[in-house]
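Structure record follows, encoded as structure tokens.
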Amino acid sequence: MSEQGISNLSTEERRFDPPADLAAHANVTDATYVQAADDRLAFWAEQARRLDWGTDFEQVLDWSNPPFARWFVGGRLNVAHNCVDRHVEAGHGDKVAIHFVGEPGDTRDLTYADLKDEVSKAANALIDLGVQTGDRVAIYMPMIPETVVAMLACARLGAPHTVVFGGFSSDALSSRVDDCGAKVIITADGGYRRGKPSSLKPAVDEAIAKLGDASPVDHVLVVRRTGQDVQVTQGRDVWWHDVVDNASPEHTPEQFDAEHPLFVMYTSGTTGKPKGILHTSAGYLAQSAYTFWATFDHKSDDVYWCTADVGWITGHSYITYGPTAAGATQVLYEGTPDTPHKGRWWEIVDALGVTLFYTAPTAIRTCMKWGEQIPAEHDLSSLRILGTVGESINPEAYIWYRDTIGAGRTPIVDTWWQTETGAHMITPLPGVTSAKPGSAMTPFPGIAADVVDDSGTPVGDGEGGYLVLTEPWPSMLRTIWGDDERFKETYWKRFEEQGYYFAGDGAKKDEDGDIWLLGRVDDVMNVSGHRLSTTEIESALVSHPKVAEAAVVGADDETTGQAVCAFVILREAAGDGGEDVVAELRQHVAGQIGPIAKPRQIMVVPELPKTRSGKIMRRLLRDVAEHREVGDATTLADSSVMDLITAGLGDAKNDED
Ligand code: PRX
Numbered sequence: 157m158s159e160q161g162i163s164n165l166s167t168e169e170r171r172f173d174p175p176a177d178l179a180a181h182a183n184v185t186d187a188t189y190v191q192a193a194d195d196r197l198a199f200w201a202e203q204a205r206r207l208d209w210g211t212d213f214e215q216v217l218d219w220s221n222p223p224f225a226r227w228f229v230g231g232r233l234n235v236a237h238n239c240v241d242r243h244v245e246a247g248h249g250d251k252v253a254i255h256f257v258g259e260p261g262d263t264r265d266l267t268y269a270d271l272k273d274e275v276s277k278a279a280n281a282l283i284d285l286g287v288q289t290g291d292r293v294a295i296y297m298p299m300i301p302e303t304v305v306a307m308l309a310c311a312r313l314g315a316p317h318t319v320v321f322g323g324f325s326s327d328a329l330s331s332r333v334d335d336c337g338a339k340v341i342i343t344a345d346g347g348y349r350r351g352k353p354s355s356l357k358p359a360v361d362e363a364i365a366k367l368g369d370a371s372p373v374d375h376v377l378v379v380r381r382t383g384q385d386v387q388v389t390q391g392r393d394v395w396w397h398d399v400v401d402n403a404s405p406e407h408t409p410e411q412f413d414a415e416h417p418l419f420v421m422y423t424s425g426t427t428g429k430p431k432g433i434l435h436t437s438a439g440y441l442a443q444s445a446y447t448f449w450a451t452f453d454h455k456s457d458d459v460y461w462c463t464a465d466v467g468w469i470t471g472h473s474y475i476t477y478g479p480t481a482a483g484a485t486q487v488l489y490e491g492t493p494d495t496p497h498k499g500r501w502w503e504i505v506d507a508l509g510v511t512l513f514y515t516a517p518t519a520i521r522t523c524m525k526w527g528e529q530i531p532a533e534h535d536l537s538s539l540r541i542l543g544t545v546g547e548s549i550n551p552e553a554y555i556w557y558r559d560t561i562g563a564g565r566t567p568i569v570d571t572w573w574q575t576e577t578g579a580h581m582i583t584p585l586p587g588v589t590s591a592k593p594g595s596a597m598t599p600f601p602g603i604a605a606d607v608v609d610d611s612g613t614p615v616g617d618g619e620g621g622y623l624v625l626t627e628p629w630p631s632m633l634r635t636i637w638g639d640d641e642r643f644k645e646t647y648w649k650r651f652e653e654q655g656y657y658f659a660g661d662g663a664k665k666d667e668d669g670d671i672w673l674l675g676r677v678d679d680v681m682n683v684s685g686h687r688l689s690t691t692e693i694e695s696a697l698v699s700h701p702k703v704a705e706a707a708v709v710g711a712d713d714e715t716t717g718q719a720v721c722a723f724v725i726l727r728e729a730a731g732d733g734g735e736d737v738v739a740e741l742r743q744h745v746a747g748q749i750g751p752i753a754k755p756r757q758i759m760v761v762p763e764l765p766k767t768r769s770g771k772i773m774r775r776l777l778r779d780v781a782e783h784r785e786v787g788d789a790t791t792l793a794d795s796s797v798m799d800l801i802t803a804g805l806g807d808a809k810n811d812e813d
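The working numbering puts the first residue of the sequence shown at 157, with every later residue one more than the last.
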């Protein structure tokens, strides 16, 4: 096209057909959907058997105790063997697994044979540090090859990892280490970000100190990346270059049960306490590997690049596990897209001949702002498929991405999924789907999703409602770490009668039945494709001695999708808070959670709008934050509050840097 005169068509009518040559050789075709619909479990069994099993499974799915699923019952395998060793055994040891690009410009290629040695050495070193099957290991790292190696080494030992995003504060790290009882933390002195070394190890020291005698951490394994000064605690801290580099590259992986825990990934929910999402081995690996292969139409000579950080689920499923299980060659880039210049990504695409590129809408909008002359300086003709994840992509950014980065010929896969789903759930497929900008289109083969109304009844085409998953899927979360009740309550209670998983997203079906995501329907914000909880930031704000009360809302933002806007009431003793109270509070939130949670704007107000039962009416605050006329305020306990708030804002201390 396939572009049918965009300007004359409404959004829902724009379509981009798959390029004929891609469709002709696509990994997945219409027949795949038919086959999966015919026998969903047989379909997933077939995909799972693409993996190497020590013991084959006897039953595809045990759903006798919902919502606790067991997939590939009786089977045994080793995840790291599947991601690494088997490719070497199949004769692909010389194939590049990772093209690493450091922010300062250093590069390093790891072949699958290198990766096997590194993962084995790291596994042996972890054993020497006392890590046994079932022990938890926290990983707090920059985007360097050792991070992937560390994750795979944990997988090899059956020691579930919890990767904590390097941008999180020591408090966030500490609570996660505590919640999952991590015995070892793997970290680095620091990583390079925006042209400077940015330290990590001090936050680890602080996190452990905060836990005091209750700290479960026996050892800290430290990679030297930046050469920054590191305080070494004797007997606890060891250097990677001492214990891993000198370890044996021989390690025989053990086979673990298909349901053996693989990792815990913390994500924000509607309360202040992050949820430890538990993923297990075989189902997770089967679906992340198969969706990688299918959604990106992966061919053995592709060069794939996902720009996500491994600290998020996207980095788990589509850097560490899916692509390696598929034997792919991928790029791993350490830094930010604008360092040392705004063309950095496109320079890398050009230099390494990237063919498959996966990023977030917020990054695309940022590149749009920088201007199309920047990517135009590089040869991007190697690209054949572009992907997005994290939020709906607005049609304008979609068209820019397709035209400016993809020269108008690359299909775009808009992949909807979640930390909880583990892998792609709703997405166009590049060789099959006529994609519409802004729509995630249709459930992946073997996945059952629907849009339902309040009572759980599917809505008709052209109508909106709640997005649900109506059948279990292999890479589904198995529970919330240590909290089965919260797992049931959060995801399964809303549509208990029907047995549906409630995703927390609103959605609509268009006239063709294609799915459009409409954003969260709960108190979860989506800032630059990252989930943040309003409650978590409110708790951080009220933990400051000057703050009496706080309410946080996500307001529309041109670049980041949503932005954090906070309304605070100061304690009387704090007076007007002083000149820099807003800056002080923003810094406080960054310290409590991490810089990504820093409110874009903090408004000091005399009151907050509450219902008679005391619930804060965020809807009204969102109106204020988005500079709209305030909506219906009749359910407020005190209807004059909104006048007070809006009147006071003229001279309120705002800070929007
Ligand atoms: O609201 C949806 C949005 O991101 C949420 C999941 O966030 P998280 O668990 O952090 O995982 C992000 C990466 C998978 C969802 O509930 N979301 C994710 N992808 C899309 C999306 N919303 C619309 N379209 C998408 N493609």
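For every residue, glycine included, the Cβ atom is placed at its ideal position computed from N, Cα and C.
Predicted model only: the values in this text are computed from it and were never measured.
Please tell me whether, using a cut-off of 8 Å, the distance from the CB of Trp-461 to the nearest non-hydrogen atom of the ligand PRX is below it. Taking the sequence shown and counting its residues from 1, the one referred to as residue 461 is at position 305. Checking every heavy atom of the ligand PRX against the Cβ of Trp-461, none is found closer than 8 Å.
Cβ of Arg-774 within 9 Å of Cβ of Asp-679? Numbered from 1 along the sequence shown, position 618 holds the residue referred to as residue 774. Numbered from 1 along the sequence shown, position 523 holds the residue referred to as residue 679. At a Cβ-Cβ threshold of 9 Å, Arg-774 and Asp-679 count as neighbours.
Under 8 Å Cβ to Cβ from Ile-162, same chain only, skipping five residues before and after it: list those, please. Within the sequence shown, the letter at position 6 stands for residue 162. Because the pLDDT at Ile-162 is just 40, under 50, the model does not fix this residue reliably, and the value given afterwards should be weighed accordingly. Cβ neighbours of Ile-162 beyond the five flanking positions: Arg-170, Ile-555.
Assumed close pair Thr-716, Thr-518 - CB separation to whole angstroms, cut-off 8 Å: Within the sequence shown, residue 716 is the residue found at index 560, counting from 1. Within the sequence shown, residue 518 is the residue found at index 362, counting from 1. Yes, they are in contact, since the Cβ atoms of Thr-716 and Thr-518 sit about 5 Å apart, within 8 Å.
Should Trp-468 and Ser-548 be called a contact, given that it needs their Cβ atoms to be closer than 9 Å? Counted from its first residue, the sequence shown places residue 468 at position 312. Counted from its first residue, the sequence shown places residue 548 at position 392. Cβ distance not < 9 Å, so Trp-468 and Ser-548 don't count as in contact.
Considering only heavy atoms of the ligand PRX, does any lie closer than 8 Å to the CB of Leu-673? Taking the sequence shown and counting its residues from 1, the one referred to as residue 673 is at position 517. Flag set: Cβ of Leu-673 near the ligand PRX.
Please go through the same chain and pick out, in chain order, the residues whose beta-carbon is closer than 6 Å to the beta-carbon of Glu-159, but skip the five residues on each side of it. Position 3 of the sequence shown, counted from the start, is the residue given in the question as residue 159. Confidence is the limiting factor: at Glu-159 the pLDDT is only 39, short of 50, which leaves the residue's position unreliable, though a coordinate-based value still follows. In its own chain, leaving out the 5 sequence neighbours on each side, no residue places its CB closer than 6 Å to the CB of Glu-159.
In whole angstroms, what is the alpha-carbon distance linking Tyr-474 and Gly-578? If you number the sequence shown from 1, residue 474 lands on position 318. If you number the sequence shown from 1, residue 578 lands on position 422. Cα to Cα, the separation comes out at about 10 Å.
Just verifying my parser: in three-state terms, what is the DSSP assignment at Val-466? Residue mapping note: residue 466 aligns to position 310 of the sequence shown, counting from 1. Residue state, collapsed to three classes: coil.
Pull up the distance between the alpha-carbon of Thr-613 and that of Asn-682, whole angstroms please. On the sequence shown, residue 613 is found 457 positions in, with the first residue counted as 1. On the sequence shown, residue 682 is found 526 positions in, with the first residue counted as 1. Linking Thr-613 to Asn-682 through their CA atoms gives a straight-line distance of about 27 Å.
Rounded distance between the beta-carbons of Gly-685 and Val-545, thought under 8 Å: As a working note, residue 545 is residue 389 in the sequence shown. As a working note, residue 685 is residue 529 in the sequence shown. Taking a contact as a CB-CB distance under 8 Å, the pair Val-545 and Gly-685 counts as one, their CB atoms being some 7 Å apart.
Can you tell me the Cα-Cα spacing of Asp-732 and Leu-697, whole angstroms? Mapped onto the sequence shown, residue 732 falls at position 576. Mapped onto the sequence shown, residue 697 falls at position 541. C-alpha separation (whole angstroms): 16 Å.
Can you give the Cα-Cα distance for Arg-350 and Val-487, rounded to whole angstroms? By 1-based counting over the sequence shown, the position of residue 350 is 194. By 1-based counting over the sequence shown, the position of residue 487 is 331. If you draw a straight line from the Cα of Arg-350 to the Cα of Val-487, it comes to about 19 Å.
Indicate whether Ser-437 and His-407 have their beta-carbon atoms separated by less than 9 Å. Here the question's residue 437 lines up with position 281 in the sequence shown. Here the question's residue 407 lines up with position 251 in the sequence shown. Taking C-beta atoms as the reference points, Ser-437 and His-407 fail to come closer than 9 Å.
My understanding is that Val-379 touches Ile-300, with C-beta atoms under 8 Å, so please give their C-beta distance in whole angstroms. Within the sequence shown, the letter at position 223 stands for residue 379. Within the sequence shown, the letter at position 144 stands for residue 300. Here Val-379 really is in contact with Ile-300; their C-beta atoms are around 7 Å apart, less than 8 Å.
Taking the continuous beta strand (DSSP E) assigned at Ser-689, which residues delimit it? Locating residue 689 in the sequence shown gives position 533, counting from the first residue. Element bounds for Ser-689: 686 to 689.
Runs of beta strand (DSSP E) lying entirely within the segment 611 to 670, each at least 3 residues, in chain order: As far as the segment 611 to 670 is concerned, its whole beta strand (DSSP E) runs of at least 3 residues are 620 to 625, 657 to 665.
With a CB to CB cut of under 6 Å and the five nearest residues on each side skipped, what residues in its chain are close to Val-703? Taking the sequence shown and counting its residues from 1, the one referred to as residue 703 is at position 547. Leu-697, Val-724.
For the alpha helix (DSSP H) holding Ile-449, just list the boundary residues, first then last. For this step, residue 449 is matched to residue 293 along the sequence shown. The displayed chain sequence assigns Trp, not Ile, to residue 449. In the DSSP assignment, Trp-449 falls within the alpha helix (DSSP H) that extends over 438 to 451.
List the endpoints of the continuous beta strand (DSSP E) containing Asn-280. Residue mapping note: residue 280 aligns to position 124 of the sequence shown, counting from 1. Where Asn-280 is concerned, there is no enclosing beta strand (DSSP E), although the alpha helix (DSSP H) it sits in stretches over 268 to 284.
Do Leu-633 and Leu-434 have their beta-carbon atoms positioned less than 9 Å apart in this structure? In the sequence shown, the residue the question calls residue 434 occupies position 278. In the sequence shown, the residue the question calls residue 633 occupies position 477. Contact annotation: Leu-434 and Leu-633 have beta-carbon atoms nearer than 9 Å.
Same chain only: Cβ atoms within 7 Å of Gly-509, ignoring 5 sequence neighbours per side: Taking the first residue of the sequence shown as position 1, residue 509 is located at position 353. If you ignore the 5 residues before and after Gly-509, its C-beta comes within less than 7 Å of the C-beta of Val-459, Ser-538, all in its own chain and listed in chain order.
Check whether Met-297 and Ala-311 have beta carbons under 9 Å apart: For this step, residue 297 is matched to residue 141 along the sequence shown. For this step, residue 311 is matched to residue 155 along the sequence shown. The answer is no: Cβ separation not under 9 Å.
Out of Val-304, Leu-313, Asp-327, point me to the one whose CA is closest to Val-319's CA. Residue mapping note: residue 319 aligns to position 163 of the sequence shown, counting from 1. Considering only alpha carbons, the answer is Val-304.
So is His-397 buried or exposed if we call it buried at 16+ other beta carbons inside 10 Å? Sequence index remark: in the sequence shown, residue 397 carries index 241 (1-based). Result: exposed.
Do three or more CB pairs link the segment 420 to 429 to the segment 240 to 254 at distances below 8 Å? Judged by Cβ distances under 8 Å, the segment 420 to 429 makes no contact with the segment 240 to 254, as fewer than three pairs qualify.
Length of the line joining the Cα atoms of Thr-263 and Ala-789: Counting from one through the sequence shown, the residue named residue 263 turns up at place 107. Counting from one through the sequence shown, the residue named residue 789 turns up at place 633. The straight-line gap from Cα to Cα measures roughly 58 Å.
Closer than 8 Å by C-beta to Met-597: which residues in its own chain qualify, once you throw out the five before and the five after it? Chain order, please. Numbered from its first residue, the sequence shown carries residue 597 at position 441. The residues are Asp-570, Ile-582, Thr-583, Pro-584, Thr-589, Ala-591, Asp-670, Ile-671.
Going by beta carbon distance, what residues of the same chain come within less than 7 Å of Ile-341, once the five residues before and after it are set aside? Within the sequence shown, the letter at position 185 stands for residue 341. Only residues of its own chain outside the window of five on either side were considered, and among them Ala-294, Tyr-296, Val-333, Val-360, Val-373, Val-376 have a CB closer than 7 Å to the CB of Ile-341, listed in chain order.
With respect to 8 Å, is the separation between the Cβ of Ser-444 and the closest non-hydrogen atom of the ligand PRX below this value? Here residue 444 corresponds to residue number 288 of the sequence shown, with the count starting at 1. Not one heavy atom of the ligand PRX lies closer than 8 Å to the C-beta of Ser-444.
Answer yes or no: the CB of Gln-384 versus the heavy atoms of the ligand PRX, is any distance below 8 Å? Residue mapping note: residue 384 aligns to position 228 of the sequence shown, counting from 1. No - the ligand PRX has no heavy atom lying nearer than 8 Å to the Cβ of Gln-384.
Bridge partners - Tyr-514, DSSP secondary structure assignment: Taking the sequence shown and counting its residues from 1, one reaches residue 514 at position 358. Tyr-514 is bridged to Cys-462, Gly-543.
Among Pro-755, Gly-620, His-580, the one whose alpha carbon lies nearest that of Ser-689: Position 533 of the sequence shown, counted from the first residue, corresponds to residue 689. Shortest Cα-Cα distance from Ser-689 to any of Pro-755, Gly-620, His-580 involves Pro-755.
Buried or exposed by the 16-neighbour rule on C-beta atoms within 10 Å, applied to Leu-779: Counting from one through the sequence shown, the residue named residue 779 turns up at place 623. For the record, residue 779 in the displayed sequence is Asp; it is not Leu. The residue in question, Asp-779, is buried, as its Cβ has 16 or more Cβ neighbours within 10 Å.
Counterpart residues of Thr-211 in DSSP-defined beta bridges: Position 55 of the sequence shown, counting from 1, holds the residue named residue 211. Answer is Arg-232, bridged to Thr-211.
Quick check: what's the CA-CA separation for Gly-247 versus Gly-483? Sequence index remark: in the sequence shown, residue 247 carries index 91 (1-based). Sequence index remark: in the sequence shown, residue 483 carries index 327 (1-based). Gly-247 and Gly-483: Cα-Cα distance of roughly 11 Å.
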